[in-house]
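Q: Please read through the structure below; I'll follow up with questions.
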Amino acid sequence: MTLSICQFPISFLDWKKNSQKALLYIRAAKASGSNLILFPEMSLTGISHITSEMGDSHEKNLKFFQQTAMDHSIAIGFGWARPAGEKLENHYTVVNPQGEILSDYVKLHPFTFGGEDLCFVKGKDFKCFSYHGFTICTFICYDMRFPEIFQAASRTADLIIVAANWPEKRSSHWKVLSQARAIENQVYLAACNCVGTINSLSYSGDSALYSPDGIKLGSLSHTDGLITCTIANNVSSIRKDFPVKNDRLTDYYKKIL
0 MTLSICQFPI SFLDWKKNSQ KALLYIRAAK ASGSNLILFP EMSLTGISHI TSEMGDSHEK
60 NLKFFQQTAM DHSIAIGFGW ARPAGEKLEN HYTVVNPQGE ILSDYVKLHP FTFGGEDLCF
120 VKGKDFKCFS YHGFTICTFI CYDMRFPEIF QAASRTADLI IVAANWPEKR SSHWKVLSQA
180 RAIENQVYLA ACNCVGTINS LSYSGDSALY SPDGIKLGSL SHTDGLITCT IANNVSSIRK
240 DFPVKNDRLT DYYKKIL
C-alpha cells in the first residue's frame with residue numbers, strides 16, 4: 000500500500016480555505032500513486048472550545064471528503080466534529096475510494112488539561128477495518144498517552160493511525176511516543192499532525208511513519224507537505240521472528256491495573 004501523511008497547515012475555522020488546500024494535497028497524493036491520504040485531527044477547522052463554531056460544519060465535512068474520495072479514487076482519513084447535545088464528538092473517519100465509510104472513530108480520551116472535557120464527550124470504543132492488505136485502527140492525539148488501547152488494537156491491527164493537533168511545546172513527547180507505540184506493539188504507526196500557528200498555538204508537525212521495529216520511514220518537521228511511503232504488510236513475520244507478544248502477562252496486568 001502507498002500511504003500519504005499530510006502535515007497540514009490548518010487555518011483556524013476557515014473551512015473554505017482549508018478545503019481548498021486539502022484538495023491540492025489530495026491531488027498530489029493521488030499523482031504520487033497513494034491509495035490512502037491522512038489528514039490531522041479536526042482537519043478543516045482546528046479545535047475550538049466554542050461548540051457552535053465547529054459543529055455547524057459537520058455535514059459538509061463528511062460530504063466534502065466523500066465526494067473528493069470518489070472524484071480522485073483515493074481513500075481519505077480526516078478529522079471533524081459532530082454535535083452531541085450541548086457538546087461535540089471528536090471524530091476521525093476513513094472513507095474508501097467509493098466514498099463509503101470504512102471507519103468512524105470517536106476520541107476516547109478528551110484532553111482535560113486543555114479543557115476538552117468541557118466541550119467534547121468521550122468515545123466508547125474503537126474498531127479495526129481492512130484496506131489494501133492491512134488491518135487498520137485509528138486513534139486521536141491525546142489517546143497516544145494511553146498504551147493500553149494500542150496493545151488492545153494491535154491484537155488485530157498491523158497499521159495504527161494517530162491524527163493530532165499536538166502543540167510544539169510537547170513535541171518531544173509526540174516523537175518519542177509515536178516511535179514507542181510502533182515498537183512495543185510491532186505495528187506500522189502513522190503519526191499525522193498539523194503545523195503552523197492555529198488559534199495562537201504553535202505546532203511543529205513532526206509527522207512520521209514508523210515501521211514495526213521503530214525505524215522512521217519518513218517524516219516532516221516545521222513545514223507543510225506530504226510524507227509518501229509504500230509499505231508491505233510484513234507484520235506477522237516480524238512478530239514471528241521476535242515474538243514479544245507471546246510473553247505478555249495479560250491476566251496479571253488486569254490484576255495490577
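Going by numbering that gives the first Met the number 0, the residue at position 182 of the sequence shown is 181; the numbering climbs one at a time, nothing skipped. Just so it is clear, CB atoms sit at the ideal spot from N, CA and C, and this is done for glycine as well. Quantities reported herein were computed from a predicted structural model and do not represent experimental measurements.
1) Determine the burial state of F340: buried for a count of at least 16 other Cβ atoms within 10 Å of its Cβ, exposed for fewer.
2) Using CA atoms only, rank isn't needed, just tell me which of Y104, H57, L107 and I237 is closest to G213.
3) Can you list the beta strand (DSSP E) stretches of 3 or more residues lying completely in the stretch 156 to 200, in chain order?
4) Excluding five sequence neighbours on each side, which residues of the same chain lie with their C-beta closer than 6 Å to the C-beta of A162?
5) What does DSSP give as the partner residues of I230 in its beta bridges?
6) Between which residues of its own chain and P234 is the CB-CB distance below 6 Å, once the five residues before and five after are set aside?
7) Of the choices I100, I4 and S10, whose alpha-carbon is the least far from that of I25?
8) Do you know offhand how far L117's Cα is from P242's?
9) Between which two residues does the alpha helix (DSSP H) carrying D250 extend?
10) Using three-state DSSP, classify L208 as helix, strand or coil.
11) Hey, how far is the Cα of I226 from the Cα of G76?
12) Judging by CA-CA distance, which residue of S56, C136, Y252 and E147 is the nearest neighbour of E183?
13) With a cut-off of 8 Å on the beta carbons, I'd call M262 and I230 a contact; round off their distance for me.
14) Report the residue ranges of all beta strand (DSSP E) runs contained in full by the stretch 10 to 98; include only those spanning at least 3 residues, in chain order.
15) Taking the alpha-carbon of W14 as reference, which of F64, A28, L256 and E115 has the nearest alpha-carbon?
16) Closer than 8 Å is the cut-off here; do at least three beta carbon pairs connect the stretch 165 to 179 with the stretch 199 to 209?
17) Take T134 and list the residues in its own chain whose beta-carbon comes closer than 8 Å to its own, dropping the five residues that flank it on each side.
18) Check for me: the alpha helix (DSSP H) holding I148 runs from which residue to which?
19) In three-state DSSP terms, what is K121?
A: With the structure as the only source:
1) Outside the displayed span of the chain (0 to 256) sits residue 340, for which this structure offers no information.
2) Translated into the one-based positions of the sequence shown, residue 213 becomes position 214. When each option's Cα is compared against that of G213, the closest is I237.
3) 158 to 163, 187 to 192 and 194 to 197
4) Here residue 162 refers to the residue found at position 163 of the sequence shown. Excluding sequence neighbours, A162 sits near P39, E40, G78, Y91, I139 and C191.
5) Your numbering for residue 230 matches position 231 in the sequence shown. DSSP output for I230 lists no bridge partner at all.
6) Within the sequence shown, residue 234 is the residue found at index 235, counting from 1. Correcting the residue type first, residue 234 is Val in the shown sequence and not Pro. Correct list, in chain order: D157 and P211.
7) Taking the first residue of the sequence shown as position 1, residue 25 is located at position 26. That would be I4, whose Cα lies nearest to the Cα of I25.
8) Translated into the one-based positions of the sequence shown, residue 117 becomes position 118. Translated into the one-based positions of the sequence shown, residue 242 becomes position 243. Each residue's alpha carbon lies about 42 Å from the other.
9) Residue mapping note: residue 250 aligns to position 251 of the sequence shown, counting from 1. From DSSP, the alpha helix (DSSP H) with D250 extends over T249 to I255.
10) Numbered from 1 along the sequence shown, position 209 holds the residue referred to as residue 208. Note: L208 maps to strand in three-state DSSP.
11) Your numbering for residue 226 matches position 227 in the sequence shown. Your numbering for residue 76 matches position 77 in the sequence shown. Going from the Cα of I226 to the Cα of G76 covers about 14 Å.
12) Counting from one through the sequence shown, the residue named residue 183 turns up at place 184. The shortest Cα separation from E183 among S56, C136, Y252 and E147 belongs to E147.
13) The structure shown does not extend to residue 262, since the chain spans only 0 to 256, so no value can be given for it.
14) 35 to 37, 74 to 83 and 86 to 94
15) In the sequence shown, residue 14 corresponds to position 15, counting from 1. Checked all of F64, A28, L256 and E115; the closest Cα to W14 is F64.
16) yes
17) For the purposes of this step, residue 134 is identified with residue 135 of the sequence shown, where counting begins at 1. Excluding sequence neighbours, T134 sits near C127, F128, T155, A156, D157 and L158.
18) The residue you call residue 148 lines up with position 149 of the sequence shown. Taken as a continuous stretch (DSSP letters only), the alpha helix (DSSP H) holding I148 covers P146 to A152.
19) On the sequence shown, position 122 is the one that residue 121 refers to. Coil, per DSSP.
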